[in-house]
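Here the structure is laid out as structure tokens; the discussion comes afterwards.
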Amino acid sequence: MIYQKLYPGGKAKAVTFSYDDGVEQDAVLAELFNRYGARATFNLNSGIGPDQSWDCRGVTVRRLPPEDMPGIYDGHEIACHSRTHPHLEELPVRALYEELLEDRIALGERFRCKVTGLALPYGSWNGAVMEAVEKLGFLYCRTTESTGRFSLPEDFLRWNPTCHHNDPQLMLLAESFRVCEEELPLFYVWGHSYEFAADKNWGRMEELLDFLAAQRGIWYATNHAVAAYLRAVSRLVAGEDFFYNPTNQDLWVRYEGSILKIPAGEWLDV
Ligand SMILES: [Zn+2]
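In this text, residue positions in the sequence shown follow the working numbering: the first is 1, and each later residue adds one.
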């Protein structure tokens, strides 16, 4: 049977964002995402409070007070970025596990949600870090290596994004995405919101969101939603004249020119 997998709602493409460190400028960025209906994942260090600040190209960067966070991040995903932002690969094994585990527990309690993802601090890792990520049962782990592509990761525990928002090719990539006809293309942009303030280029994100908003058929989703859907849709069963969805979420395909929804746990004759 020839068919094409689609994203939820029968959308052909997906866009996701990932922003690190939980800083004050996240409030501006989350508001911008909200205005465009975009969804992001914010990666937080639960062990660092607003008393610590640093300078980024002349801008003082501060962490958000934890009490302000739930309102700002409402509608987006919260993921781990380790408890105190160390180079994980330099830690003794026990400290490595504690950095990840304690961050996940603290964020889960603070936001009253299940925390399933991780963005590696400094994007650095080694074999021991990956072993910990796997053993702790994270659904996905984001690196900082740009692919310049819209293809899906072979391994969600080494999830390389498409590009950083400061990539000189950002809008060229957006145009390539517009005309992309691959199956399940994903445009994945990452960065730090304080960089927009430091570089005085908030317009860059607005331009991208404007460009994407003019297109139809885009699913805006958090990292978790994307990873969970892709894991589910990979389990779709297609027979000679039927589909079977063995997962607990609805799946979508294009078959003989029609968009079909295969409800969770159901068979669909075609
Ligand atoms: Zn960071």
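Beta carbons: idealized from backbone N, C-alpha and C, even for Gly. These numbers were taken from a predicted model, which means no experiment stands behind them.
If you run the structure through DSSP and keep just helix, strand and coil, what is residue i?
i: Trp125; result: coil
i: Ser193; result: helix
i: Phe42; result: strand
i: Lys135; result: helix
i: Ser146; result: coil
i: Asp155; result: coil
i: Ala14; result: strand
i: Glu240; result: coil
i: Glu206; result: helix
i: Ile48; result: coil
i: Leu184; result: coil
i: Leu32; result: helix
i: Leu212; result: helix
i: Asp269; result: strand
i: Ala79; result: strand
i: Ala232; result: helix
i: Leu74; result: Looking at the sequence provided, one finds Asp at residue 74 rather than Leu. Coil.
i: Ala119; result: strand
If the criterion is Cβ atoms closer than 7 Å, does the pair residue i and residue j meet it?
i: Leu236; j: Leu251; result: yes
i: Leu173; j: Cys163; result: yes
i: Ser124; j: Glu67; result: no
i: Ala213; j: Tyr36; result: yes
i: Gly108; j: Arg63; result: no
i: Tyr97; j: Ala132; result: yes
i: Arg83; j: Gly47; result: yes
i: Phe211; j: Phe177; result: no
i: Arg57; j: Ala198; result: yes
i: Pro121; j: His165; result: no
Can you give me the Cβ contacts of residue i inside the same chain, cut-off strictly under 8 Å, excluding the 5 residues immediately before and after it?
i: His286; result: The question about residue 286 has no answer, for the chain in this structure spans 1 to 270.
i: Leu170; result: Cys163, Val189, Arg204 and Leu208
i: Gly49; result: Arg63, Pro65 and Pro66
i: Trp54; result: Thr60 and Val61
i: Tyr19; result: Asp26, Leu29, Ala40, Thr41, Phe42, Asn43, Trp190, Gly191, His192 and Ser193
i: Leu101; result: Leu136
What's the gap between the Cα of residue i and the Cα of residue j?
i: Leu118; j: Ile262; result: 30 Å
i: Gln25; j: Leu44; result: 13 Å
i: Asp51; j: Glu183; result: 46 Å
i: Ala232; j: Leu157; result: 16 Å
i: Ala14; j: Ala95; result: 36 Å
i: Pro8; j: Gly265; result: 16 Å
i: Gln215; j: Ala12; result: 11 Å
i: Ile2; j: Leu152; result: 20 Å
i: Tyr140; j: Phe196; result: 26 Å
i: Leu279; j: Thr147; result: For the chain, the structure presents residues 1 to 270; residue 279 sits outside this window and is missing.
i: His192; j: Met130; result: 23 Å
i: Asn201; j: Pro246; result: 46 Å
i: Ile72; j: Arg112; result: 15 Å
i: Glu240; j: Glu134; result: 36 Å
i: Phe243; j: Trp159; result: 29 Å
i: Asn126; j: Ala238; result: 38 Å
i: His87; j: Gly217; result: 39 Å
i: Glu256; j: Trp267; result: 18 Å
i: Pro168; j: Val93; result: 38 Å
i: Phe17; j: Arg142; result: 11 Å
Name, in chain order, the residues that DSSP records as bridge partners for residue i.
i: His164; result: Trp190
i: Leu251; result: Ile262
i: Lys114; result: Beta-bridge pairing links Lys114 to no other residue.
i: Glu102; result: None; Glu102 has no bridge partner.
i: Val23; result: Arg63
i: Ile2; result: In DSSP, Ile2 forms no bridge with anything.
i: Asp55; result: Thr60
i: Tyr7; result: Lys11
Go through its chain and collect everything with a Cβ distance to residue i's Cβ below 7 Å, but skip five positions before and after it.
i: Arg104; result: Cys80 and Val115
i: Tyr220; result: Val15, Gly37, Ala38 and Arg39
i: Arg254; result: Tyr3, Gln4 and Leu6
i: Ile78; result: Phe42, Leu44, Leu107, Phe111, Cys113 and Val115
i: Asp269; result: Asp241 and Phe242
Using a Cβ-Cβ cut-off of 6 Å (strictly less than) and excluding sequence neighbours within five positions of residue i, which residues of its own chain qualify?
i: Ala227; result: Leu139, Tyr140 and Phe156
i: Gly10; result: Trp252 and Ile259
i: Glu145; result: Asn160
Using a beta-carbon distance below 7 Å, is residue i in contact with chain B?
i: Ile48; result: Judged by its chain identifiers, the structure shown contains no chain B, having just a single protein chain.
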